[in-house]
Every structure is written in structure tokens, then in C-alpha cells.
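*Asks:*
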Amino acid sequence: MTHTLAQSQTVVAWDGSEPARAALDWSLARSVSGDLTLVRVLERTVSSADYFTDESATVRAHELLKDDADRVSAQYPARTVHADLRSGDPITELRALSGTDILVVVGTHRRRGSTLRYEWSMGARLAGSADGPIAIIPESDNEHHSGIVVGVDGSAASNAAVDFAAAEADRTGQELHAIHAWQEPLVWRDTTEPDARFLQTLENSHRRILDESLLAVSRRFPALGIRASLVRGAPQSALLNAARGAALLVVGDHVLKGVSKLLLGSVSHSIVLNIQSPTVVIPAPPA
21 MTHTLAQSQT
31 VVAWDGSEPA
41 RAALDWSLAR
51 SVSGDLTLVR
61 VLERTVSSAD
71 YFTDESATVR
81 AHELLKDDAD
91 RVSAQYPART
101 VHADLRSGDP
111 ITELRALSGT
121 DILVVVGTHR
131 RRGSTLRYEW
141 SMGARLAGSA
151 DGPIAIIPES
161 DNEHHSGIVV
171 GVDGSAASNA
181 AVDFAAAEAD
191 RTGQELHAIH
201 AWQEPLVWRD
211 TTEPDARFLQ
221 TLENSHRRIL
231 DESLLAVSRR
241 FPALGIRASL
251 VRGAPQSALL
261 NAARGAALLV
271 VGDHVLKGVS
281 KLLLGSVSHS
291 IVLNIQSPTV
301 VIPAPPA
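The sequence shown begins at 21 in our numbering and counts up one residue at a time.
Following this line, the structure appears as C-alpha cells:
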């Protein structure tokens, strides 16, 4: 299934903070038309400080959210802007809004120092449990970024990510940079160098994975500029290095649903923790 989402619904997690503004600005710059919903979730968990917030505060929050939506609508008349005030756990509420044709966009602080404090960020938790694409947008660094990078590994989630990234690159007239990283079997690492002929055979098999993953999109978008990179090394490092100057990074997440789906897969999780540029995480399509 092709993930274009150009004219589909966009949901922005909104609370007026700088990360939320980064998410909104990115969403508005991405498309000048289509439905956009500003969602604010008033936390209503037993452990939250505002569990017993009075009704007047809720009314005031709704008024402020509606004012923000009206301002966006006035500035972007081609967009249909909605205000959605919810009560509950933010991750649960945003997850309920996710879906194949809905792009949920959340902001995040630009990473500084240790990544440990970002491990349970909203972006990481939401991307690990959502039913559709999640865009995680760091605060702007005011530098120019171009090109769309996508991670390729031949899985169903990766193929869905390639579809999304190719459609996005074609729509915006940017180059698609597809990266497939590979490593020798774990048993050989930190030991003697493996047989050169076998290593070449292994590299050739990984190159086929990269080429076959791009075959369909090259036919679907014949005018699209595609750069394919086969990298020997850890996929996290290869993708993060390429993403530093990119306008967008797209990765697939193929961890199973259920309890294990509470967390992202190791590659996508590492990328979210060390986010360098706007990143979209695509879940594996239903079997």
C-alpha cells in the first residue's frame, strides 16, 4: 500500500510549547491544504497533579485551543482546521487517533547531552504503539536541510517506509536517499577477518535487498531522483549520519503489536533517541 498522506488528515499534538510549535510549523510547511486537527490532551491520570481540575479550567483550555485553531485557519484558508480537546493519558489519546491515512505529528526538544532522559519521550512511546505513521519533529536549528532519507532492510515495515518516503520526495521535488546497512555475522565480530569471497557474496545479497526494495518506487515515480547507498556498519549510525542534513528521515518499525509493541525496535528507537531532523516512523502494515 502506498502511503502518500499528502491530502489526508494531519493531527498535531498541541500545548503551545516550543516543541509543539515546531510540530505545527512543520505540518503547515509540508502541505497548504487538507484537514489539520490541533489536539490538546488534559492529563487525567490518578497520578497527575490536575486530576481534579475544575470545569472552568477545562472550558478555558477549550477556548484557548479554539483560538489557536482559528488563527491557523485564518492564516491558511485552504486548510480545514479543527480543535480537539481531550482528557486522559496523552499517549493513549493520540494513539487512538492514529491510523494508516492519518499522520500524527508531535514535537520534541532538540537532543542535547545524554539520551537517557529522552528514552520515554512522547515520540518514542507513541511511535512504538501507534497504528499509523508518527512524525517526530525537533525544534528548528535554523539551518537549511534537503533530501529525504529512508532506511531499507527488505521487511514489510521497511517497504512501507520506502513507499512513504518516495511519495514525499516526489511530491516535494527532493532526492530520495535510500540506505541499507549490513554487518557481518555476529560470531565473526572482534575476531579474525572472514573469508573475502564469502564477504563479497554477503555484500552482493544485501545489495539485492536494496535494489529490489527500490524497484517498485522507481517504476511508480520515474522522474524521482534516487540515490542508493549500501553501507557496511550499524544501521543506526548510517541513518543518523545521513539524516544530519536531511529534510526528513523515514524508518519502518516492525516490532510486533501487543506487549512488545510498547517499545520501538532497536534501530528506530535509537534514531528517535538521537533525533537529528524531522523523522517519520512507519509501522508494519497488517499481515
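All C-beta atoms, glycine included, are put in the ideal place defined by N, C-alpha and C.
This one's a predicted model, so the numbers in the text were calculated from it and none came from an experiment.
1) Taking D121 as the reference, give the member of L244, T299, Q29, S47 with the closest Cα.
2) Does the distance from the C-beta atom of V101 to that of D183 stay below 8 Å?
3) Roughly how many angstroms lie between the CA atoms of R264 and G167, to the nearest whole one?
4) Using a 10 Å radius around the Cβ and a threshold of 16 neighbouring Cβ atoms, would you call H164 buried or exposed?
5) Label D273 either buried or exposed according to how many other C-beta atoms from any shown protein chain fall within 10 Å of its C-beta, with 16 as the threshold for buried.
6) Where does the unbroken alpha helix (DSSP H) through I229 begin, and where does it stop?
7) Could you check whether E223 and P39 sit closer than 8 Å to each other, using their CB atoms as the reference points?
8) From this set, R145, D90, L293, which residue's C-alpha is nearest R115's C-alpha?
9) Any contact between the stretch 291-302 and the stretch 198-206? By contact I mean 3 or more CB pairs, one from each, below 8 Å.
10) Rounded to whole angstroms, how far is the Cβ of V32 from the Cβ of L56, which I believe are closer than 8 Å?
11) In chain order, what residues of the same chain lie with their CB nearer than 6 Å to the CB of P153, ignoring the 5 residues before and after it?
12) Three-state secondary structure (DSSP) at A176?
13) Nearest to E232 by alpha carbon, out of T221, R99, V172?
14) The ligand HEM heavy atoms versus the CB of G143: any closer than 7 Å?
15) Given that a residue counts as buried once 16 or more other Cβ atoms are within 10 Å of its Cβ, and exposed if not, what is Q256?
16) Tell me whether L244 sits in a helix, a strand or coil according to DSSP, three-state version.
17) Report the rounded CA-to-CA distance for L117 versus A147, giving the unit in angstroms.
18) Expressed to the nearest angstrom, what Euclidean distance is found between the alpha-carbon atoms of A94 and G253?
19) Grab me the residues of S178's own chain with a C-beta within less than 7 Å of its C-beta, minus the 5 sequence neighbours each way, in chain order.
20) Evaluate L235 with the Cβ neighbour count: other Cβ atoms within 10 Å of its Cβ, from every protein chain shown; 16 or more gives buried, anything less gives exposed.
21) Using only CA atoms, which one of I157, L48, V125 lies nearest to A150?
22) Among L58, R228, A180, whose alpha-carbon lies nearest the alpha-carbon of D90?
*Replies:* Let's see:
1) Q29
2) no
3) 11 Å
4) exposed
5) buried
6) 216-240
7) no
8) R145
9) no
10) 7 Å
11) L123, V300, I302
12) helix
13) V172
14) Among the ligands in the structure shown, none appear at all, so the ligand HEM cannot be discussed.
15) buried
16) coil
17) 13 Å
18) 49 Å
19) G171, V172, S233, G272
20) exposed
21) V125
22) L58
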